[in-house]
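Chemist: Take the sequence shown: its position 102, counting from 1, is numbered 102 in the UniProt record's numbering, and each next residue is one higher.
Quick reminder that beta carbons are idealized off the backbone N, C-alpha and C, glycines included.
For reference, the structure I am asking about is given below.
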Amino acid sequence: MPPRTNKGTARPTPKKTPETATPEIDTPDTTSKKRKVDWATIDDKKPFGGFKLEAVKIRAPKKSSPSHKKQRTGKSSSVEYKEAPLDAEIVTKNPFSESELSETHYNVKPPLEWESTLRYRKFTISEAEFEVGQVIFVNITEDDNESKDVSQYAFARILEVRAGDASHVFLRVYYLYKPEELPEGRQPHHGDSELIASNHMDIIEAMTVVDRAEVVHWDENPENSEWPLRDQWFWRQTYDIEKPKAQQLSKLRQYCIDKAPCNPDEPLINCSSCAKWLHAHCLEEKAVEDAYEEQKVPARSRPAKNKKKGARRSSTGSAFTAHLTTYDTGQICLTVTDNRPGEEDNRWNVDVKCLLCQTLIEKAAKEIPPEEAQASSKGVDSVAATPAVPVPSSADEEDSVVGNDTDTDPTTEPPTSDAAAPPDPVPKAVPNGETTVEPSSA
Numbered sequence: 001m002p003p004r005t006n007k008g009t010a011r012p013t014p015k016k017t018p019e020t021a022t023p024e025i026d027t028p029d030t031t032s033k034k035r036k037v038d039w040a041t042i043d044d045k046k047p048f049g050g051f052k053l054e055a056v057k058i059r060a061p062k063k064s065s066p067s068h069k070k071q072r073t074g075k076s077s078s079v080e081y082k083e084a085p086l087d088a089e090i091v092t093k094n095p096f097s098e099s100e101l102s103e104t105h106y107n108v109k110p111p112l113e114w115e116s117t118l119r120y121r122k123f124t125i126s127e128a129e130f131e132v133g134q135v136i137f138v139n140i141t142e143d144d145n146e147s148k149d150v151s152q153y154a155f156a157r158i159l160e161v162r163a164g165d166a167s168h169v170f171l172r173v174y175y176l177y178k179p180e181e182l183p184e185g186r187q188p189h190h191g192d193s194e195l196i197a198s199n200h201m202d203i204i205e206a207m208t209v210v211d212r213a214e215v216v217h218w219d220e221n222p223e224n225s226e227w228p229l230r231d232q233w234f235w236r237q238t239y240d241i242e243k244p245k246a247q248q249l250s251k252l253r254q255y256c257i258d259k260a261p262c263n264p265d266e267p268l269i270n271c272s273s274c275a276k277w278l279h280a281h282c283l284e285e286k287a288v289e290d291a292y293e294e295q296k297v298p299a300r301s302r303p304a305k306n307k308k309k310g311a312r313r314s315s316t317g318s319a320f321t322a323h324l325t326t327y328d329t330g331q332i333c334l335t336v337t338d339n340r341p342g343e344e345d346n347r348w349n350v351d352v353k354c355l356l357c358q359t360l361i362e363k364a365a366k367e368i369p370p371e372e373a374q375a376s377s378k379g380v381d382s383v384a385a386t387p388a389v390p391v392p393s394s395a396d397e398e399d400s401v402v403g404n405d406t407d408t409d410p411t412t413e414p415p416t417s418d419a420a421a422p423p424d425p426v427p428k429a430v431p432n433g434e435t436t437v438e439p440s441s442a
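In structure tokens:
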């Protein structure tokens with residue numbers, strides 16, 4: 001889903017406050033002494049440079065002697081307290097409940113400015129409202145070119161909203177990587193709209209947000225999960241920066257004779273005899289190999305196999321190509337095309353057999369499918385498949401900001417912003433409106 005346009009300079013004001021009035025933020029008397037940062041003048045000498053994160057190394061708790069253990073008897077929270085990092089300002093548990101990402105520990109720099117901000121649950125840009133737990137498009141460059149493609153933005157999940165005043169609104173986020181951003185790069189099993197959830201944290205300015213991104217979790221279970229649509233952003237894999245490099249990327253399920261993950265942009269075929277799932281491209285490659293054997297074409301003219309696991313063979317210069325077509329009725333059709341000179345129009349269907357147990361899955365169809373219909377449909381060809389699309393859960397309650405949770409005042413009027421909303425590559429008019437930060441109810 002492309003992001004909306006947030007154009008123009010929004011001139012927001014606090015709720016129930018005239019547009020020409022100066023925004024005022026009421027703070028509780030109990031915290032007024034603590035707040036030493038004047039956000040209204042913080043940029044006078046030099047623009048505030050934002051916040052940086054510093055990872056905190058967690059040391060394993062020391063084993064206590066028996067005498068020490070006796071002294072702690074009856075203190076149920078002492079163990080958890082001792083194990084918690086005393087100098088870490090932010091301890092964040094995994095917000096992606098469908099995964100097993102590690103907890104992260106960070107210090108925020110500069111700490112005084114961070115602790116002087118208030119914590120909120122929602123904020124708005126023009127007429128668009130955003131809140132904790134949502135995934136957003138983020139403009140991470142200073143390039144405001146409207147022709148920028150959607151895929152050039154970063155994806156991030158909002159963990160926390162903080163504001164010093166109307167012009168200083170910050171978001172603590174976890175990034176979702178695109179396959180190209182992984183150390184190994186994009187792999188054959190990655191879908192066109194696939195993302196990878198991570199615990200890579202950052203603190204960004206709210207005005208870098210372009211729009212909401214509709215992202216769902218896919219458990220890649222072909223038997224009881226509906227596959228994401230081709231233009232639906234989704235994630236099924238995680239990247240854990242807290243783990244050793246060899247273990248950072250979570251494992252995916254393996255299928256078929258090549259024991260490789262599946263690409264959701266191509267069909268996965270089920271064998272009812274052995275209950276195994278087969279890649280469409282593996283069935284196509286087997287059909288091509290059989291065609292070379294039947295037509296007695298020399299082996300040296302066959303296309304080289306791609307060394308990447310789960311990748312298709314190159315069809316460039318191949319004497320034969322094959323394509324598997326799936327229909328809404330559940331029927332599948334495997335068609336071979338002869339590309340040799342003088343044989344361009346020669347096409348025929350072949351039986352679909354299991355690559356593992358050799359059982360006949362479907363007999364060769366009598367009718368040749370039209371060439372324009374040979375774009376493999378995305379999904380699973382199985383009558384046992386049950387639609388079920390999991391929705392990412394909101395887990396912002398799991399975040400713990402040490403030493404500042406009590407600063408939030410639910411009655412505080414929301415701060416406002418004079419900053420302009422970032423442009424969007426898709427021309428779609430959005431009326432200029434208020435940009436506000438709404439107080440958190442948590």
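At a cut of 8 Å, does the region 202-210 reach the region 220-240 through at least three beta carbon pairs?
Modeler: no
Chemist: What's the C-alpha gap between Asp338 and Lys366?
Modeler: 18 Å
Chemist: If you draw a straight line from the C-alpha of Tyr153 to the C-alpha of Glu214, how long is it?
Modeler: 14 Å
Chemist: Is it the case that the CB of Gln237 approaches a heavy atom of the ligand ADP more closely than 6 Å?
Modeler: Because no ligand of any kind appears in the structure shown, any question about the ligand ADP cannot be addressed here.
Chemist: Are Thr359 and Ser250 closer than 7 Å when you measure CB to CB?
Modeler: no
Chemist: Let me know if Trp235 comes out buried or exposed under the rule of 16 or more other beta-carbons within 10 Å of its beta-carbon.
Modeler: buried
Chemist: Sort out for me which residues DSSP pairs Tyr153 with in a bridge.
Modeler: In the DSSP output, where bridge partners are listed per residue, Tyr153 has none listed.
Chemist: Can the beta-carbon of Val173 be found less than 7 Å from the beta-carbon of Ile196?
Modeler: no
Chemist: Beta-carbon within less than 6 Å of Gly164's beta-carbon, same chain only, minus the 5 sequence neighbours each way: which residues are those?
Modeler: Trp39 and Thr117
Chemist: Give the secondary structure of Cys282 by DSSP, where H, G and I count as helix, E and B as strand, and everything else as coil.
Modeler: helix
Chemist: Taking C-beta to C-beta, are His105 and Val138 nearer than 7 Å?
Modeler: no
Chemist: Pull up the distance between the alpha-carbon of Ala260 and that of Cys271, whole angstroms please.
Modeler: Spanning the two alpha carbons is a distance of roughly 17 Å.
Chemist: Starting from Leu112, follow the alpha helix (DSSP H) in both directions and report where the run begins and ends.
Modeler: Pro111 to Glu115
Chemist: Can you check which of these residues, Ala319, Asn224, Arg253 and Phe155, is closest to His189 by C-alpha distance?
Modeler: For the set Ala319, Asn224, Arg253 and Phe155, the Cα lying nearest the Cα of His189 is the one of Arg253.
Chemist: Between Val352 and Ala319, is the Cβ-Cβ spacing less than 7 Å?
Modeler: In this structure, the beta-carbon distance from Val352 to Ala319 does not fall below 7 Å.
Chemist: Where does Tyr275 fall in DSSP's three states?
Modeler: According to the sequence as given, residue 275 is Ala; it is not Tyr. Ala275 falls in the coil class under three-state DSSP.
Chemist: Quick one: what does DSSP say Asp265 is sitting in, helix, strand or coil?
Modeler: Asp265 carries a coil assignment under DSSP once its states are collapsed to helix, strand and coil.
Chemist: Could you check whether the region 327-346 touches the region 276-292, counting it as contact only if at least three pairs of C-beta atoms, one from each stretch, sit closer than 8 Å?
Modeler: They touch, by the three-pair rule.
Chemist: Short of 6 Å in beta carbon distance, which residues of its chain neighbour Val288, apart from the five on each side in sequence? Order them along the chain.
Modeler: Phe320 and Ala322
Chemist: Do you know how far the Cα of Ser193 is from the Cα of Lys363?
Modeler: 33 Å
Chemist: For Lys178, which residues from the same chain have a beta carbon less than 6 Å from its beta carbon, with the 5 sequence-adjacent residues on both sides left out?
Modeler: none
Chemist: Can you tell me where the beta strand (DSSP E) holding Phe51 begins and where it ends?
Modeler: Note, Phe51: premise wrong, no beta strand (DSSP E); not H, not E.
Chemist: For Leu268 and Asp43, I'd like the C-alpha separation in whole angstroms.
Modeler: Taking the Cα positions, Leu268 is about 57 Å away from Asp43.
Chemist: Classify Glu80 as buried or exposed, calling it buried when 16 or more other Cβ atoms lie within 10 Å of its own Cβ.
Modeler: Confidence at Glu80 is low in this model, with a pLDDT of 40, below 50, so its placement is unreliable and no value can be given for it.
Chemist: Between Glu89 and Cys256, what straight-line distance do the alpha-carbon atoms span, to the nearest angstrom?
Modeler: 47 Å
Chemist: Reducing DSSP to helix, strand and coil, say where Asp43 ends up.
Modeler: DSSP, reduced to helix, strand and coil, places Asp43 outside both helices and strands of the structure shown, so it counts as coil.
Chemist: What are the start and end residues of the beta strand (DSSP E) that includes His200?
Modeler: Glu194 to Glu205
Chemist: Can you give me the Cβ contacts of Lys52 inside the same chain, cut-off strictly under 6 Å, excluding the 5 residues immediately before and after it?
Modeler: Lys109
Chemist: How big is the Cα-Cα spacing for Phe48 and Phe123?
Modeler: 21 Å
Chemist: I need the straight-line Cα distance from Glu160 to Ile125, nearest angstrom please.
Modeler: 16 Å
Chemist: Compute the Euclidean distance between the alpha carbons of Gln134 and Phe155, then round it to the nearest angstrom.
Modeler: Just so you know, the alpha carbons of Gln134 and Phe155 end up roughly 10 Å apart.
Chemist: Within 10 angstroms of the Cβ of Gln247, are there 16 or more other Cβ atoms? Answer buried if so, exposed if not.
Modeler: exposed
Chemist: Please state the DSSP three-state secondary structure of Asp290.
Modeler: helix
Chemist: Below 8 Å on the Cβ atoms is my guess for Gly191 versus Asp265; work out the distance and round it to an integer in Å.
Modeler: 5 Å
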